[in-house]
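Visitor:
There are 2 protein chains.
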Amino acid sequence: MEPLLVFPDPPPPVLSQGLDLCGYPWTGVGSEADVERLEPVDGWPGAVIVAVTDPEGAFAMCRSIRKGDIPLDPVLVIVSAEQLVDLDMREDLFDDFCVLPFQTNELDARLRHLFHKTGRGARPELVEYGELALNLETYQAAISGRPLDLTYMEYELLKFLASHPGKVFTRETLLSRVWGYEYYGGARTVDVHVRRLRAKLGEEHAGLIQTVRSVGYRFGQSRWMS
Amino acid sequence: MEPLLVFPDPPPPVLSQGLDLCGYPWTGVGSEADVERLEPVDGWPGAVIVAVTDPEGAFAMCRSIRKGDIPLDPVLVIVSAEQLVDLDMREDLFDDFCVLPFQTNELDARLRHLFHKTGRGARPELVEYGELALNLETYQAAISGRPLDLTYMEYELLKFLASHPGKVFTRETLLSRVWGYEYYGGARTVDVHVRRLRAKLGEEHAGLIQTVRSVGYRFGQSRWMS
DNA sequence: GCGCGTGTGAACGCTTTGTGAACGGGTGTC
DNA sequence: GACACCCGTTCACAAAGCGTTCACACGCGC
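Going line by line, the protein sequences match chains A and B. So the first sequence is numbered by this note's numbering: it starts at 1 and just counts up by one. So the second sequence is numbered by this note's numbering: it starts at 227 and just counts up by one.
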């Protein structure tokens, strides 16, 4: 997931720690100029704006974000209890708000709720290893930014291997873990799938799946050698 | 203003007093039957559901409200801090939530925010994806400016898929989420509806709904790969 | 060099999905 | 009440996709 836009920079510890605890990457921005300068390639996935210490600046930031070429959704503002009565909904400057003091759980729940509403499936469940990324929700895979067109079994096998980098699996283990516990089939099936995976990974990354002679296969580098 | 639907009946004092203090009229309902029986002539303007003491019943009420002939917006649920981690956004059962203990000001601010978003949002609720647009208020659909003449189930299926672009759904999931929770029917039903949707979308856009072999269907492209 | 283990290409056959058509419940009309 | 129509569902068949298997080639280690 791309990092969230967080204003101001640095944000109060309760927010930065909360985001870290929940596993949301974030980037602090201190000015409107930073918004463009620090923007990730895929755009900001959302914003958290703290309006407690500097409400004027915070809502100006919201306004700027909303008026931008690319509407930045969703926007969560952090306010104090005293600010609640004055909260102005008319301008539609934010999608949700969180009242200080808040628990980390509430922050997480509100972000999950917002991401779900805006359709950006919350934190997509990813399996990543180096240049390789598997999106478990969309059943898509990519390496070095290039999409991989994998069949179902290829995807399942790669997912399993990439979930346990460095570990060696025998063909029998792979058959039982990937294909199913009661599967009864030839061990050569694994070989063929590994071969097709290597081909689709491309010559550059074919080495990601290594053959361990007389044992089985290993994904990625062993942890003991560089 | 017509009274808000409040569940359960009687609601906890913190809620009833809070609503009274803020000047919101409300009616307590204790069962799904009450929802129809006590409905104001202009319909419910919104609902506040307390999920603390009886979460099961509360979310069942949300489900009933959402599945009703007239979608009842907005829905605010009251939860305890412990319930936050388990909050399930996937079913889209509520529009906002408020964590106990809350101040009256927060309740008021959340209701104002919700009413502003749904009430005077002015713009009809749209689901859009590229050239496709669904108007949830008028049950109309269009692609590339061309109106689509969809049947009810076709519309519901397309709405659900387009609301979660990129995500893959199994036929079973689609049956339960689009057709209904207790639906028991053949999975091929989904196939046929997908086929008819593709036909009506036209050859140019038929690819919007992709088959993920051995898994299910996906609408549009995932976000994190282009 | 020999044997075992693995890579490779191709073919087979099952599973999954697409497709056309028919069935049947429900609703509105005459 | 009979009829026609719409639409969701189901069925049967066709087509495609994909996993599996086999036969053979290659290469490493003893």
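Yeah, the Cβ is synthetic: ideal placement off N, Cα and C, and Gly gets one too. Since the model is a prediction, treat every value here as computed from it, not as a measurement.
1) Which chain A residues sit within Cβ distance under 9 Å of B/A307?
2) Pull up the DSSP beta-bridge partners for B/N361, would you.
3) So, does the CB of B/L230 fall closer than 8 Å to a CB anywhere in chain A?
4) Please confirm whether A/G121 has its beta-carbon closer than 8 Å to some beta-carbon of chain B.
5) Inspect the beta-carbon positions of B/L360 and B/K385 and report whether they are closer than 8 Å.
6) Cβ of A/D54 less than 8 Å from any chain B Cβ?
7) Per DSSP, what kind of secondary structure is A/A51 in: helix, strand or coil?
8) List the residues of chain B whose Cβ lies closer than 7 Å to the Cβ of A/L158, in chain order.
9) Is there a Cβ from chain A that is less than 8 Å from the Cβ of B/R439?
10) How many angstroms separate the CA atom of A/P227 from the CA atom of A/G28?
11) Buried or exposed for A/A33, going by 16 or more other Cβ atoms inside 10 Å?
12) Could you say if the segment 161-176 of chain A and the segment 208-215 of chain A meet the contact criterion of at least three C-beta pairs nearer than 8 Å?
13) When you compare only the Cα positions, how much space is there between A/Y155 and A/A109?
14) Kindly identify the DSSP beta-bridge partner or partners of B/Y443.
15) Using DSSP bridges, identify the partner residues of B/W453.
16) Report yes if the C-beta distance between A/Y24 and A/L5 is below 8 Å; otherwise report no.
17) Residues of chain B with CB under 7 Å from A/T189, in chain order?
18) Measure the C-alpha to C-alpha separation of B/I369 and B/G428 and round it to an integer number of angstroms.
19) Nearest by alpha-carbon distance to A/R196: which of A/Y184, A/L148, A/R66 and A/R177 is it?
20) Can you tell me whether A/Q140 is buried or exposed, with buried defined as 16 or more other CB within 10 angstroms of its CB?
21) Got a sec? Which residues, its chain only, sit under 6 Å from B/G347 by beta carbon, not counting five neighbours each side?
22) Report back the beta-carbon spacing between A/A51 and A/Q83 to the nearest angstrom; my notes put them in contact at under 8 Å.
23) Less than 8 Å between CB atoms is the rule here; does A/V77 satisfy it with respect to chain B?
24) Tell whether a beta-carbon distance below 8 Å holds between A/E106 and A/C98.
25) What would DSSP say about B/T377, mapped onto helix, strand or coil?
26) Under 7 Å Cβ-Cβ, which residues of chain A neighbour B/V311?
27) So, are the CB atoms of A/L93 and A/R66 less than 8 Å apart?
28) Keeping to the same chain, check which residues put their C-beta closer than 7 Å to that of B/R349; ignore five residues upstream and five downstream.
29) Could you tell me the alpha carbon to alpha carbon distance between B/R424 and A/S80, rounded to whole angstroms?
30) Sorted by chain position, which residues of the same chain lie with C-beta nearer than 8 Å to A/T170's C-beta, five sequence neighbours on each side aside?
31) In whole angstroms, give me the CA-to-CA distance for B/C248 and B/H342.
32) My assumption, with CB atoms under 8 Å, is that B/M315 sits in contact with A/H113. Please give the rounded CB distance.
33) What distance in whole Å lies between the Cβ atoms of A/G46 and A/P74, which are believed to be in contact at a cut-off of 8 Å?
34) Using a Cβ-Cβ distance under 8 Å, would A/M89 count as near chain B?
35) So A/F94 is in the beta strand (DSSP E); what residue range does that whole segment cover?
36) So which residues of chain A does B/R403 contact, with C-beta pairs closer than 7 Å?
Guide: Reading it off the structure:
1) Locating residue 307 of chain B in the second sequence gives position 81, counting from the first residue. Ordered by position in chain A, the residues that pass the 9 Å Cβ test against B/A307 are Q103, N105 and E106.
2) Within the second sequence, numbered from 1, the residue matching residue 361 of chain B stands at position 135. Note: B/N361 sits in a beta bridge opposite B/L352 and B/Q366.
3) Position 4 of the second sequence, counted from the first residue, corresponds to residue 230 of chain B. Not closer than 8 Å to any Cβ of chain A, the Cβ of B/L230 fails to qualify, so no.
4) The sequence position of residue 121 of chain A within the first sequence is 121, counting from 1. Unreliable placement is indicated for A/G121, whose pLDDT of 47 sits below 50; no coordinate value is reported for it.
5) To locate residue 360 of chain B, count along the second sequence from 1; it is residue 134. To locate residue 385 of chain B, count along the second sequence from 1; it is residue 159. A contact, by the Cβ cut-off of 8 Å.
6) Walking along the first sequence from the start, residue 54 of chain A turns up at place 54. Chain B contact via Cβ: absent.
7) For the purposes of this step, residue 51 of chain A is identified with residue 51 of the first sequence, where counting begins at 1. Correct three-state label for A/A51: coil.
8) The sequence position of residue 158 of chain A within the first sequence is 158, counting from 1. Correct list: empty, because the minimum Cβ distance to chain B is about 15 Å.
9) Residue mapping note: residue 439 of chain B aligns to position 213 of the second sequence, counting from 1. Taking Cβ atoms only, chain A reaches closer than 8 Å to B/R439, which makes this a yes.
10) No statement about residue 227 of chain A is possible, as the shown extent of chain A runs from 1 to 226 and does not include it.
11) By 1-based counting over the first sequence, the position of residue 33 of chain A is 33. With fewer than 16 other Cβ atoms within 10 Å, it is exposed.
12) yes
13) By 1-based counting over the first sequence, the position of residue 155 of chain A is 155. By 1-based counting over the first sequence, the position of residue 109 of chain A is 109. So the two alpha carbons sit approximately 31 Å from each other.
14) For the purposes of this step, residue 443 of chain B is identified with residue 217 of the second sequence, where counting begins at 1. According to DSSP, which records beta bridges pairwise, B/Y443 is partnered with B/F395 and B/T437.
15) One cannot answer for residue 453 of chain B here, as it falls past the ends of chain B, which runs 227 to 452.
16) Your numbering for residue 24 of chain A matches position 24 in the first sequence. Your numbering for residue 5 of chain A matches position 5 in the first sequence. For A/Y24 and A/L5, no; Cβs fall outside 8 Å.
17) Counting from 1 along the first sequence, the entry for residue 189 of chain A is found at position 189. When 7 Å is used as the limit between beta carbons, A/T189 is near no residue of chain B, the shortest such separation being about 16 Å.
18) Translated into the one-based positions of the second sequence, residue 369 of chain B becomes position 143. Translated into the one-based positions of the second sequence, residue 428 of chain B becomes position 202. If I take the Cα positions, the gap works out to 9 Å.
19) Residue 196 of chain A sits at position 196 when you count from the first residue of the first sequence. Taking only the C-alpha atoms, the option nearest A/R196 is A/L148.
20) Indexing the first sequence from 1 puts residue 140 of chain A at position 140. Buried, because 16 or more other Cβ atoms sit within 10 Å of the Cβ of A/Q140.
21) Locating residue 347 of chain B in the second sequence gives position 121, where the first residue counts as 1. With a pLDDT of only 40 at B/G347, under 50, the local geometry of the prediction cannot be trusted, and no value is derived from it.
22) The residue you call residue 51 of chain A lines up with position 51 of the first sequence. The residue you call residue 83 of chain A lines up with position 83 of the first sequence. Confirmed, Cβ separation roughly 7 Å.
23) For the purposes of this step, residue 77 of chain A is taken as the residue at position 77 of the first sequence. Answer no: the Cβ-Cβ gap between A/V77 and chain B never drops below 8 Å.
24) Residue 106 of chain A sits at position 106 when you count from the first residue of the first sequence. Residue 98 of chain A sits at position 98 when you count from the first residue of the first sequence. Yes, they are a contact pair.
25) The residue labelled residue 377 of chain B in the question sits at position 151 within the second sequence. B/T377 falls in the coil class under three-state DSSP.
26) Residue mapping note: residue 311 of chain B aligns to position 85 of the second sequence, counting from 1. Those within 7 Å of B/V311 in chain A are N105.
27) As a working note, residue 93 of chain A is residue 93 in the first sequence. As a working note, residue 66 of chain A is residue 66 in the first sequence. Yes.
28) Mapped onto the second sequence, residue 349 of chain B falls at position 123. Here B/R349 scores only 46 on pLDDT, less than 50, and its place in the model should not be relied on; the value that follows carries that caveat. Closer than 7 Å at the Cβ level, and outside the excluded window around B/R349, lies no residue.
29) Sequence index remark: in the second sequence, residue 424 of chain B carries index 198 (1-based). Sequence index remark: in the first sequence, residue 80 of chain A carries index 80 (1-based). When rounded, the distance between both Cα atoms is 50 Å.
30) Translated into the one-based positions of the first sequence, residue 170 of chain A becomes position 170. Taken in chain order, the residues that qualify are V215 and G216.
31) If you number the second sequence from 1, residue 248 of chain B lands on position 22. If you number the second sequence from 1, residue 342 of chain B lands on position 116. Each residue's alpha carbon lies about 16 Å from the other.
32) On the second sequence, residue 315 of chain B is found 89 positions in, with the first residue counted as 1. On the first sequence, residue 113 of chain A is found 113 positions in, with the first residue counted as 1. Correct: roughly 5 Å between the Cβ atoms.
33) Indexing the first sequence from 1 puts residue 74 of chain A at position 74. Indexing the first sequence from 1 puts residue 46 of chain A at position 46. About 5 Å separates the two Cβ atoms, so the contact holds.
34) Start at 1 with the first residue of the first sequence, and residue 89 of chain A comes out as number 89. Answer yes: the Cβ-Cβ gap between A/M89 and chain B drops below 8 Å somewhere.
35) For the purposes of this step, residue 94 of chain A is taken as the residue at position 94 of the first sequence. Neither: A/F94 is in no beta strand (DSSP E) and is coded neither H nor E.
36) Residue 403 of chain B sits at position 177 when you count from the first residue of the second sequence. Residues of chain A passing the Cβ test: none, with the nearest at roughly 14 Å.
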